[in-house]
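Novice: Dumping the structure here so I can ask a few things about it.
Okay, here's the thing in structure tokens:
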């Protein structure tokens, strides 16, 4: 196959993201991807073992970074309150999604399916996500920061808040004139999230000044 | 085309729901649908004008009922509190989705796309949904039941809570052992929703006895 610039690989990934969104996974051929990326068809198979391999690669790439963003946010806040940890995790995930909104949407959409790939993703990345959030919530309930309540629906609620805007960006834009790609969107959204947190999760309200400091940092 | 039993039409719709979910819209041919429904290929075109027509029919059919469920819930509670209206709307939408979970998932998944069909759906059904929820929220804020807060993110939050379980049923099942098709699921979920409502929306908490009566009715 000879020497191939790493940008060819990137071009193939970019082309796949676009085409999977527009024509769907089943409606996109390897030939379409190669054509759009302006590379040889054989290259796609060589690098990714075909279309399914490409989809897997896109999912894994996104979700590795997704979990990393969550882990980093908690690690950076070692010793801080569970409330601050959870806020940081949610904000970092949103910022991460905002960096690659098309890829985020592709992966989040994929996860609404019931495929072998999704089952594999769930048994690895989604289990990690669940464990990470559960740990923060249990700590917060243990140290009297959070109100005691059943974990399952609470976890799902938090996860949905972190992903909804990037799964339905056009819906937010068309009906609510909210652009998820606008940097100010995440700040505004985090105010709403924190409002939810203060009302539904925290035992005692915190001083609003601390919130402002967090959101501006 | 002669006399065709209405069940043939139903069989085509059922087959399309299944195939669109498994193979995707682009990966499904009219021939696949006819084969699965055990009808003549020409029948699919005759009834629905092809695959795109079928998808539109499924979306419109689901969303007509979806909006109807919301409207009926509010009409039945004329003169009752905004809180009771909103609870009823959310519960009725969930019950409606539970009646046809595969179709619900298909339509909710479709709505995460940015297609011509979705833009048409948004300008009709989603605009109606938004108006209906907005009316309840404005009333509730006006009559001092609900806390004043920006409408856009609040509306999105409510909409997401109504749709999330049926967009990701396998996720809830695999990771949280929650079966959205179980009748008890909606009761449990509505307790969580009402918990959110009491904390984030209501100005004053209501007596919990009223909530129990509502959920058992």
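Chains as they are written, first to last, in UniProt numbering: chain F, 1 to 217; chain E, 1 to 217.
C-beta: ideal position from N, C-alpha, C; glycine also.
1) Are the CB atoms of residue 17 of chain F and residue 230 of chain F within a distance shorter than 8 Å?
2) List the residues of chain F whose Cβ lies closer than 9 Å to the Cβ of residue 168 of chain E, in chain order.
3) Determine the contact status of residue 129 of chain F and residue 67 of chain F, defining contact as a CB-CB distance below 8 Å.
4) Roughly how many whole angstroms lie between the Cα atoms of residue 160 of chain F and residue 201 of chain F?
5) Listed from N- to C-terminal order along the chain, which residues in the stretch 162-191 of chain F have their beta-carbon within a distance smaller than 9 Å of any beta-carbon of chain E?
6) Is it the case that the stretch 41-59 of chain F contacts the stretch 14-29 of chain F, given that we only count it when at least three CB pairs across the two stretches are under 8 Å?
7) Taking the alpha carbon of residue 198 of chain E as the point to measure from, which residue in E:46, E:107 and E:87 has its own alpha carbon closest?
8) At a Cβ cut of 7 Å, what residues of the stretch 60-94 of chain F count as close to chain E, listed as they run along the chain?
9) For residue 172 of chain F, which residues in the same chain have their Cβ closer than 8 Å to its Cβ, ignoring the five residues on either side in sequence?
10) Over the uninterrupted alpha helix (DSSP H) stretch that includes residue 130 of chain E, give me the two end residues.
11) Just checking my contact of residue 12 of chain E with residue 43 of chain E at CB under 8 Å: how many whole Å lie between their CB atoms?
12) Tell me whether residue 217 of chain F sits in a helix, a strand or coil according to DSSP, three-state version.
13) How far does the alpha helix (DSSP H) with residue 26 of chain E in it extend, from its first residue to its last?
14) Output the distance between the C-alpha atoms of residue 2 of chain F and residue 31 of chain F, rounded to the nearest integer angstrom.
15) Can you find a CB in chain F that lies within less than 8 Å of the CB of residue 199 of chain E?
16) By the three-class DSSP mapping on this structure, what secondary structure does residue 87 of chain F have?
17) What residues from chain F crowd round residue 53 of chain E, counting only those whose CB sits closer than 9 Å?
18) So which residues on chain F does residue 146 of chain E lean against when the C-beta distance must stay under 9 Å?
19) Short of 7 Å in beta carbon distance, which residues of its chain neighbour residue 101 of chain F, apart from the five on each side in sequence? Order them along the chain.
20) Can you tell me whether residue 202 of chain E is helix, strand or coil according to DSSP?
21) Only counting the same chain, and skipping five residues up and downstream in sequence, which positions put a Cβ closer than 8 Å to that of residue 65 of chain E?
22) What separation, rounded to the nearest whole angstrom, lies between the Cα atoms of residue 74 of chain F and residue 81 of chain F?
23) On the DSSP bridge list, what partners appear for residue 146 of chain E?
24) Could you tell me which chain E residues have their CB closer than 9 Å to the CB of residue 20 of chain F, listed as they occur along the chain?
Specialist: Walking through what the data contain:
1) Residue 230 of chain F falls outside the range modelled here, since chain F spans only 1 to 217, and no answer is possible.
2) Start at 1 with the first residue of the second chain, and residue 168 of chain E comes out as number 168. Within 9 Å Cβ-Cβ: 111, 112, 156 and 160.
3) As a working note, residue 129 of chain F is residue 129 in the first chain. As a working note, residue 67 of chain F is residue 67 in the first chain. Cβ atoms of residue 129 of chain F and residue 67 of chain F: closer than 8 Å.
4) Position 160 of the first chain holds residue 160 of chain F. Position 201 of the first chain holds residue 201 of chain F. Distance between the alpha carbons of residue 160 of chain F and residue 201 of chain F is about 16 Å.
5) 164, 165, 167, 168, 169, 170, 171, 172, 174, 175, 176, 177, 178, 188, 189 and 191
6) Between the stretch 14-29 of chain F and the stretch 41-59 of chain F, the count of Cβ pairs shorter than 8 Å is three or higher; the stretches touch.
7) To locate residue 198 of chain E, count along the second chain from 1; it is residue 198. That would be E:87, whose Cα lies nearest to the Cα of residue 198 of chain E.
8) none
9) Here residue 172 of chain F corresponds to residue number 172 of the first chain, with the count starting at 1. Cβ neighbours of residue 172 of chain F beyond the five flanking positions: 165, 178, 179 and 180.
10) The sequence position of residue 130 of chain E within the second chain is 130, counting from 1. Element bounds for residue 130 of chain E: 127-142.
11) Here residue 12 of chain E refers to the residue found at position 12 when the second chain is read from its first residue. Here residue 43 of chain E refers to the residue found at position 43 when the second chain is read from its first residue. Indeed, because the Cβ distance is near 7 Å, the residues count as touching under 8 Å.
12) The residue given as residue 217 of chain F occupies position 217 in the first chain. Reliability fails at residue 217 of chain F, whose pLDDT of 39 lies under 50, so the model's placement of it is uncertain and no value is given.
13) The residue given as residue 26 of chain E occupies position 26 in the second chain. That residue, residue 26 of chain E, is in no alpha helix (DSSP H); it is neither H nor E in DSSP.
14) Indexing the first chain from 1 puts residue 2 of chain F at position 2. Indexing the first chain from 1 puts residue 31 of chain F at position 31. Reliability of the predicted coordinates at residue 2 of chain F is poor, the pLDDT of 44 falling under 50, and no value is obtained from them.
15) Along the second chain, one-based indexing puts residue 199 of chain E at 199. Output row for residue 199 of chain E: interface = yes.
16) Locating residue 87 of chain F in the first chain gives position 87, counting from the first residue. In the structure shown, residue 87 of chain F sits in a helix (DSSP, three-state: H, G or I).
17) To locate residue 53 of chain E, count along the second chain from 1; it is residue 53. Result: empty, since nearest Cβ-Cβ is about 17 Å, beyond 9 Å.
18) Residue numbering aside, residue 146 of chain E sits at position 146 when the second chain is read from its first letter. Neighbours of residue 146 of chain E on chain F: none; closest Cβ ~12 Å, over 9 Å.
19) What you label residue 101 of chain F is simply residue 101 of the first chain in a count that begins at 1. 166, 169, 180 and 181, listed in sequence order.
20) Position 202 of the second chain, counted from the start, is the residue given in the question as residue 202 of chain E. It is a strand residue.
21) Sequence index remark: in the second chain, residue 65 of chain E carries index 65 (1-based). 96, listed in sequence order.
22) Translated into positions along the first chain, residue 74 of chain F becomes position 74. Translated into positions along the first chain, residue 81 of chain F becomes position 81. Taking the straight line joining both Cα atoms gives about 10 Å.
23) Counting from one through the second chain, the residue named residue 146 of chain E turns up at place 146. E:202.
24) For the purposes of this step, residue 20 of chain F is identified with residue 20 of the first chain, where counting begins at 1. In chain order: nothing, as chain E lies at least about 10 Å away.
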